[in-house]
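Per UniProt numbering, residue 1 is the first one in the sequence shown, and the count goes up by one each step. Quick reminder that beta carbons are idealized off the backbone N, C-alpha and C, glycines included. Everything below concerns the one structure shown next.
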Amino acid sequence: MTQHHATLNRRRFLTGAGSLGFALAVQPVAASAILTDSQLLQTGIPAIDTGSGAMPGYYAKPENAAGPLPLVIVIQEIFGVHAHIQDLCRRLAKQGYFAVAPELYFRHGNPAEVADIDTLMRDVVSKVPDNEVQNDLDATWSWAGAHGADLRRAAATGFCWGGRQTWLYAAHNRQLKAAAWYGKLEGPVTANTPRHPLDIAAQLEVPVLGLYGGQDQSIPQASVEKMQTALKQAGKNSEIVVYPDAGHGFNADYRPSYHARDAADGWRKMLDWFARHGAG
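Pasting the structure below:
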């Protein structure tokens with residue numbers, strides 16, 4: 001991608017639905033959607049140097065904080081860095097974190113402008129290679145470190161599409177202290193997706209907390225059980241919690257899939273996991 005095209009994509013993000021509300025593909029938004037205010041927070045859109053253009057996204061951190069802040073990189077769902085992902089950043093900032101969510105599709109299209117999931121998957125998501133994502137997460141890590149984050153106290157979290165990338169990033173960046181939440185664990189091997197979380201279980205040094213729904217039709221329990229077995233056999237300091245009544249996307253409060261009790265419990269477990277492993 002040329003610098004010109006990267007700049008145009010960033011401008012589209014700044015002025016498009018992705019920076020203002022929910023992605024078109026998730027309309028209508030459920031009444032359960034949570035809105036976290038930005039009082040006492042500093043929020044904004046970063047310009048992350050990736051080496052092939054400035055990557056936008058969203059960040060939130062406590063206002064006027066003294067000293068470097070613990071970092072959480074928030075890895076988006078398939079819908080990009082829309083209002084829900086931005087809200088998660090603010091929730092983390094309210095807990096004292098510097099939270100940043102990079103817009104990992106910025107070279108390929110604006111998911112906020114796509115009206116249905118099938119088109120989004122075909123025209124945007126399928127074009128994003130894992131190695132590009134992991135490199136962009138490294139760029140996000142570097143940007144955060146240069147803007148007030150303490151990289152000695154850093155974690156990653158991601159949901160659905162981003163949850164899979166979180167497992168992969170935990171294997172890629174061993175400087176992370178912890179990682180958490182749900183994502184696919186296995187799938188077809190392609191040029192863009194050469195490895196999946198099950199393939200890297202034995203390489204994990206970063207402790208990952210997997211939070212999965214027992215009724216999830218997109219991430220079968222058979223996959224979750226395989227991952228539990230792989231982690232145990234490799235002697236890894238990672239854990240998986242299964243919520244029997246929760247389905248796919250149970251933390252997504254803006255969707256009908258939201259399961260408030262399990263989402264709240266998972267959020268508490270995530271924060272405890274980060275603190276226990278030195279990312280608090």
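A residue is called buried when at least 16 other Cβ atoms come within 10 angstroms of its Cβ; ALA234 does not meet this threshold and is exposed. The region 61-77 makes contact with the region 149-163: 3 or more CB pairs, one atom from each, lie closer than 8 Å. Rounded to whole angstroms, the gap between the alpha carbons of ALA170 and ILE34 is 28 Å. Under the 10 Å beta carbon count, PRO207 is surrounded by 16 or more other beta carbons and is classified as buried.
At least 8 Å separates the beta-carbon of GLU63 from that of LEU88. The C-beta separation of GLY57 from VAL100 comes to about 6 Å, placing the pair in contact by the 8 Å criterion.
Excluding its 5 nearest sequence neighbours in each direction, GLN221 has C-beta neighbours in its own chain below 7 Å: GLY214, listed in chain order. When only Cα atoms are considered, TYR258 and ASN192 end up about 30 Å apart.
Taking C-beta separations shorter than 7 Å and ignoring five residues to either side along the sequence, the partners of LYS269 in its chain run LEU209, LEU211, VAL241, following chain order. Contact between LEU168 and PRO197 holds, since their C-beta atoms are separated by about 7 Å, short of 8 Å.
By the CB criterion at 8 Å, ASN173 and TRP141 fall inside the cutoff. Distances from the CA of GLU239 to each of ALA156, PRO28, TRP181 were compared; the closest alpha carbon is that of TRP181.
PRO102 is bridged by DSSP to GLY57. Beta-carbon to beta-carbon, LEU71 and ASP138 are separated by about 13 Å, too far to satisfy the 8 Å threshold. Annotated as distal: ASP216 and GLY266, with beta-carbon spacing of 8 Å or more. For ILE73, the pairing in a beta bridge is given by DSSP as VAL100, ALA156.
Taken through DSSP and simplified to helix, strand or coil, GLU205 comes out as coil. Under the DSSP assignment, VAL242 falls in the beta strand (DSSP E) whose first and last residues are 239-243. With 16 or more other CB atoms across the displayed protein chains lying within 10 angstroms of its CB, THR166 is buried.
When C-alpha distances from GLY278 are compared across ALA201, LEU204, SER223, LEU176, the shortest belongs to LEU176. Between the alpha carbons of SER223 and LEU185 lies a distance of about 6 Å. Residues ALA25 of the same chain have their beta carbon placed closer than 7 Å to that of ILE117, with the five preceding and five following residues left out of the count.
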